[in-house]
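**Student:**
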Amino acid sequence: MTTETITQAPAPVHSRGNRKQARRNTLIGWTFILPNFLGFLAFTLIPVIAAFALSFMEWTSFTAPKWVGLANFQRMFASDSFWIALRNTVVYALGHVPLTMALALLLAMLLNRKLKGIGFFRVAIFFPYITSLVAVAVVWNMLFSPDSGPINQFLHSIGIAEAPGWTSSSDWALPAVIITSVWRDMGYYMVLYLAGLQAIPTELYEAAEVDGASAWQRFWNVTIPSLRPTTFFVVVMLTVSSFKVFDLIVVMTNGGPGRSTTVLSQLIYQEGIGEGKFGYSSAISLVLFLIVLTVTVLQFKIQQRRER
Amino acid sequence: MTNMAEDLKASAFKDDVPLGGGASTAEDRRSSQRKRSPRERKARTTDTVIYAVLAVLVLALMVPFIWMVSSSLKENNQVLTVPIQWIPAEFVWSNYTDIWTRIPMMGYLQNSLYLAVIITCLQVLTGSLAAYGFSKVRFPGRDVLFLAYIGTIAVPWQAYMVPQYIMMQNLGLTNSFNALILLQAFGAFGVFLMRQYYMTIPDELCEAARIDGLSEYGIWARVILPLSKPALASLALLTFVNTWNDYMGPFIYLTSNRLWTVQLGLRSFVGQFDAEYAMIMTGSVISVIPILIIFLVGQRYFIQGIATSGMKG
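Protein chains in written order, with our numbering: chain X, -3 to 304; chain V, 4 to 316.
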């Protein structure tokens, strides 16, 4: 295994040897990539491309695929359930993104100090993020139970007589899901913010202190601007994950009561796998993808402009 | 987004582990004690306040877990009481022995473990091989190919789950573990994470090994793999936990009860016996314990992995 390969050094010296070398490198490179690539090609890349193509086709479990142009999209834009799901997804994102971000930053700032045992607090706050979603959903569903759940008992005790019905009320089910997801996700974003905070040079704070800046001014004029790259990353990740929200909803409310918590991913599942409308569900997928893409590109642009 | 992840990683690795670290060194403390003692005293009261704030905060955030464990040791009718009983009046340990006969919990655990182990092994192996190809071997078309990998990470999985499902149906693989293994073991995410790490290993090392007569496979096995243990551990732990916790995959593909994972089993138990509050909480505790153990053992790798990549596809 070792003797024959001495000649493999890829240093480009002679052009003939070079070409031979390039060919050998290609071969070697592919043998490394191939085991993963075969699986990736078959089960990710091809389905991704298929999803694009399918959105312009009519195809159900009972009929053969047929090219229909934009018909799926017309039907989608005329459909009630699509707009309801889109609205719910956007509302979820509008609640989930700012709340998670603010709390994650707050926690990171509280925990960004040298104290004995601080590691324990960090680990504890991070743990919900890797707890299984089913357990999380099940526990929160009980915490939210309208009559004798701990949350409403707490609300009663602080004088709120008309406590919300949470997951059994169509107005409060989405907020309940948002609260649960913020609780679950904030530890993860806290870790990202901690890394960001630790990268800020302490000289910046010292200089600000010398200039007589108050703690609040230091926060606005040193911390926030220095964290801009982290915040950008956090916002992109949070927005993308909000638009993809799926399993939490399925386990916690299954879209109900009524359609009050149905989101786009769930609609794709119901139409595509549930009812076998492959083409139509792919059209919804495409819209989901375009939204995610637009949000990401938009935030990139904003970030670029700020840097200039 | 890629560069951003690299920046984050750089800062995270520099500071060692953002989660674990933090306690000041003895030397630090001694030197600060020597000077400015009034300030030091003020700092100590601030410390106490901070500890108090943190303790209250963490306790509040842990309420769901506390409630879960406490409820798992109660009778059903003791779970949702007014006022709340934080400590069970009588500890019902039998919940933890009864659950194994009430639902096939052992089978669920075995299924989850089987899937998580196989998928993790395949992902780590193929991911690190491919990452070596993408970072240490130069050949035409390599970067375009890598772009395809990155591109699919940006596409929400939900957007192509239907074509995947049709494909599995045609292959006759629905309702089998193989569907999930094939779908999850070759993720682009693992390749991305490992490549990020391999890029930080200097090419000169491989160069030197080549001159010493090692083949590329030899370099991968004897130089790169030993050097990338932290990254391998990160990827293995993240993949294991993701697979263990996955709900949608098994939900879509596994229909017969004997194939169910812990997550599916638990969810179905909740659906069937929604008044068995205590037993549901017992099941939840059991489903979380393996993750807790893995997390406590390998927390530093979790954090590094997250800072490297942003976790999850």
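Using N, Cα and C, we set each Cβ at its ideal position, and we do this for glycine too. All values derive from a computational prediction rather than experimental measurement.
(1) Hey, quick one: how far does the alpha helix (DSSP H) through arginine 214 of chain X stretch, first residue to last?
(2) Can you check whether the CB of valine 165 of chain V is closer than 8 Å to the CB of serine 278 of chain X?
(3) Return the CA-CA distance between arginine 301 of chain X and leucine 294 of chain X, expressed in angstroms with no decimal places.
(4) Less than 8 Å between CB atoms is the rule here; does glycine 130 of chain V satisfy it with respect to chain X?
(5) Would you list the residues sitting across from methionine 53 of chain X in a DSSP beta bridge?
(6) If glycine 251 of chain X and serine 166 of chain X are in contact, beta carbons under 8 Å, what's the gap, nearest whole angstrom?
(7) Bridge partners for lysine 273 of chain X per DSSP, in chain order?
(8) Let me know the beta strand (DSSP E) ranges lying completely inside the segment 217 to 252 of chain V, each 3 residues or longer, listed in chain order.
(9) Using CA atoms only, rank isn't needed, just tell me which of X:Gly268, X:Ile29, X:Leu234 and X:Val178 is closest to lysine 139 of chain V.
(10) Roughly how many angstroms lie between the CA atoms of glutamine 266 of chain V and leucine 116 of chain V, to the nearest whole one?
(11) Measuring CA to CA, which of V:Gln199, V:Ile214, V:Ile184 and V:Gly144 is closest to arginine 19 of chain X?
(12) Could you check where the alpha helix (DSSP H) with asparagine 84 of chain X kicks off and where it finishes?
(13) How should glutamine 36 of chain V be labelled, buried or exposed, when 16 other C-beta atoms within 10 angstroms of its C-beta is the threshold for buried?
(14) Checking contacts by CB at 8 Å: is serine 27 of chain V closer than that to chain X?
(15) Would you say tryptophan 70 of chain V faces chain X, with C-beta separation under 8 Å as the test?
(16) So, does the segment 125 to 145 of chain X touch the segment 79 to 97 of chain V, judging by three or more C-beta pairs under 8 Å?
(17) Taking 8 Å as the CB-CB limit, is glutamate 219 of chain V close to chain X?
(18) Is it the case that the Cβ atoms of leucine 101 of chain X and tyrosine 189 of chain X are separated by a distance below 8 Å?
(19) Name the residue from V:Asp146, V:Glu279, V:Ala212 and V:Ala133 whose alpha carbon lies nearest to the alpha carbon of tyrosine 200 of chain V.
(20) Alpha carbons only, please: which of X:His152, X:Arg180, X:Ile156 and X:Thr227 is nearest the one belonging to methionine 97 of chain X?
(21) For proline 197 of chain X, count neighbouring C-beta atoms within 10 Å of its own C-beta (all shown protein chains included) and say buried if the count is 16 or more, exposed if not.
(22) Tell me which residues share the same chain as phenylalanine 140 of chain X and place their Cβ nearer than 6 Å to its Cβ, disregarding the 5 neighbours each side in the sequence.
(23) Can you check which of these residues, X:Thr59, X:Phe117 and X:Gly65, is closest to glutamate 271 of chain X by C-alpha distance?
(24) Since valine 85 of chain V meets chain X, which of its residues come closer than 8 Å, beta carbon to beta carbon?
(25) Should phenylalanine 239 of chain X and alanine 89 of chain X be called a contact, given that it needs their Cβ atoms to be closer than 8 Å?
(26) Residues in its own chain within less than 6 Å of glutamine 187 of chain V by CB, not counting five upstream and five downstream?
(27) Closest to isoleucine 126 of chain X by C-alpha separation, out of V:Asn181, V:Arg261 and V:Phe68, would be which residue?
(28) Using only CA atoms, which one of X:Thr219, X:Gly208, X:Leu170 and X:His152 lies nearest to glycine 192 of chain X?
(29) Run the CB neighbour count on glutamine 270 of chain V, radius 10 Å, all protein chains shown included, and call it buried at 16 or more, exposed below.
(30) Using a Cβ cut-off of 8 Å, pull out every chain X residue sitting near tyrosine 201 of chain V, in sequence order please.
(31) Do we get a CB-CB distance below 8 Å when we pair valine 300 of chain V with the residues of chain X?
(32) Assuming the contact rule is C-beta atoms closer than 8 Å, tryptophan 212 of chain X and threonine 176 of chain X should be a hit. Round their C-beta distance to whole Å, please.
(33) Quick check: the segment 177 to 185 of chain X against the segment 109 to 128 of chain X, are there 3 or more CB pairs under 8 Å?
(34) Going straight from the alpha carbon of threonine 319 of chain V to that of arginine 118 of chain X, what length do you get?
(35) DSSP on glutamine 172 of chain V, reduced to helix/strand/coil?
(36) Might you give, ordered along the chain, the residues of its own chain that have their beta carbon closer than 6 Å to the beta carbon of phenylalanine 78 of chain X, omitting 5 neighbours on each side?
**Tutor:** Taking the coordinates as given:
(1) Translated into the one-based positions of the first sequence, residue 214 of chain X becomes position 218. Unbroken alpha helix (DSSP H) run through arginine 214 of chain X: 211 to 214.
(2) Numbered from 1 along the first sequence, position 282 holds the residue referred to as residue 278 of chain X. Numbered from 1 along the second sequence, position 162 holds the residue referred to as residue 165 of chain V. Yes, the Cβ-Cβ distance between serine 278 of chain X and valine 165 of chain V is below 8 Å.
(3) As a first step, residue 301 of chain X must be located in the first sequence, where it is residue number 305. As a first step, residue 294 of chain X must be located in the first sequence, where it is residue number 298. Each residue's alpha carbon lies about 11 Å from the other.
(4) Within the second sequence, residue 130 of chain V is the residue found at index 127, counting from 1. Interface residue, yes.
(5) Counted from its first residue, the first sequence places residue 53 of chain X at position 57. Answer is X:Trp63, bridged to methionine 53 of chain X.
(6) Taking the first sequence and counting its residues from 1, the one referred to as residue 251 of chain X is at position 255. Taking the first sequence and counting its residues from 1, the one referred to as residue 166 of chain X is at position 170. With a Cβ gap of about 11 Å, glycine 251 of chain X and serine 166 of chain X do not count as contacting.
(7) To locate residue 273 of chain X, count along the first sequence from 1; it is residue 277. Paired residues: X:Thr56.
(8) Listed in chain order, nothing qualifies, since the segment 217 to 252 of chain V has no complete beta strand (DSSP E) run of 3 or more residues.
(9) Here residue 139 of chain V is taken as the residue at index 136 of the second sequence, counted from 1. Ranking the options by Cα distance to lysine 139 of chain V, first place goes to X:Ile29.
(10) Here residue 266 of chain V is taken as the residue at index 263 of the second sequence, counted from 1. Here residue 116 of chain V is taken as the residue at index 113 of the second sequence, counted from 1. Cα-Cα distance, rounded: 12 Å.
(11) Counting from 1 along the first sequence, the entry for residue 19 of chain X is found at position 23. Closest by alpha carbon: V:Gly144.
(12) The sequence position of residue 84 of chain X within the first sequence is 88, counting from 1. In the DSSP assignment, asparagine 84 of chain X falls within the unbroken alpha helix (DSSP H) covering 76 to 107.
(13) By one-based count along the second sequence, residue 36 of chain V stands at place 33. With a pLDDT of 47 at glutamine 36 of chain V, under the threshold of 50, the modelled position of this residue cannot be trusted; read the value that follows with caution. Glutamine 36 of chain V should be labelled exposed.
(14) Start at 1 with the first residue of the second sequence, and residue 27 of chain V comes out as number 24. Residue confidence for serine 27 of chain V is low, a pLDDT of 43 falling below 50, so the modelled location carries little weight and cannot support an answer.
(15) Here residue 70 of chain V refers to the residue found at position 67 of the second sequence. Closer than 8 Å: yes.
(16) yes
(17) Taking the first residue of the second sequence as position 1, residue 219 of chain V is located at position 216. Judged by the 8 Å Cβ criterion, glutamate 219 of chain V is in contact with chain X.
(18) On the first sequence, position 105 is the one that residue 101 of chain X refers to. On the first sequence, position 193 is the one that residue 189 of chain X refers to. Yes; because the gap between Cβ atoms is below 8 Å, this pair is in contact.
(19) Sequence index remark: in the second sequence, residue 200 of chain V carries index 197 (1-based). Comparing Cα positions, the closest option is V:Ala133.
(20) To locate residue 97 of chain X, count along the first sequence from 1; it is residue 101. Per the Cα distances, X:Thr227.
(21) Residue mapping note: residue 197 of chain X aligns to position 201 of the first sequence, counting from 1. So proline 197 of chain X ends up on the exposed side.
(22) As a working note, residue 140 of chain X is residue 144 in the first sequence. Closer than 6 Å at Cβ, skipping near neighbours: Ile147, Trp162, Thr163 and Ala172.
(23) Taking the first sequence and counting its residues from 1, one reaches residue 271 of chain X at position 275. By alpha-carbon distance to glutamate 271 of chain X, the top candidate from X:Thr59, X:Phe117 and X:Gly65 is X:Thr59.
(24) In the second sequence, counting from the first residue as 1, residue 85 of chain V sits at position 82. Per Cβ cutoff of 8 Å: Ser144 and Gln149.
(25) The sequence position of residue 239 of chain X within the first sequence is 243, counting from 1. The sequence position of residue 89 of chain X within the first sequence is 93, counting from 1. Their beta carbons are under 8 Å apart, which means phenylalanine 239 of chain X touches alanine 89 of chain X by this criterion.
(26) Counting from one through the second sequence, the residue named residue 187 of chain V turns up at place 184. Contacts found: Ile122.
(27) As a working mapping, residue 126 of chain X is identified with position 130 in the first sequence. Of V:Asn181, V:Arg261 and V:Phe68, the residue nearest in Cα terms is V:Phe68.
(28) What you label residue 192 of chain X is simply residue 196 of the first sequence in a count that begins at 1. Of the candidates X:Thr219, X:Gly208, X:Leu170 and X:His152, the one whose C-alpha sits nearest the C-alpha of glycine 192 of chain X is X:Thr219.
(29) Residue numbering aside, residue 270 of chain V sits at position 267 when the second sequence is read from its first letter. First, the residue type needs correcting, since residue 270 of chain V is arginine and not glutamine in the sequence shown. Classification of arginine 270 of chain V: buried, given that the 10 Å Cβ count is 16 or more.
(30) As a first step, residue 201 of chain V is located in the second sequence; it is residue number 198 there, counting from the start. In chain order: nothing, as chain X lies at least about 11 Å away.
(31) By one-based count along the second sequence, residue 300 of chain V stands at place 297. It does not: the Cβ of valine 300 of chain V has no partner Cβ on chain X nearer than 8 Å.
(32) For the purposes of this step, residue 212 of chain X is identified with residue 216 of the first sequence, where counting begins at 1. For the purposes of this step, residue 176 of chain X is identified with residue 180 of the first sequence, where counting begins at 1. Actually they do not touch by this definition, with Cβ atoms about 32 Å apart.
(33) yes
(34) Any property of residue 319 of chain V remains undetermined from this structure, which presents chain V solely from 4 to 316.
(35) Along the second sequence, one-based indexing puts residue 172 of chain V at 169. In this structure, glutamine 172 of chain V counts as helix in the three-state DSSP scheme.
(36) Numbered from its first residue, the first sequence carries residue 78 of chain X at position 82. The answer, listed in chain order, is Met72.
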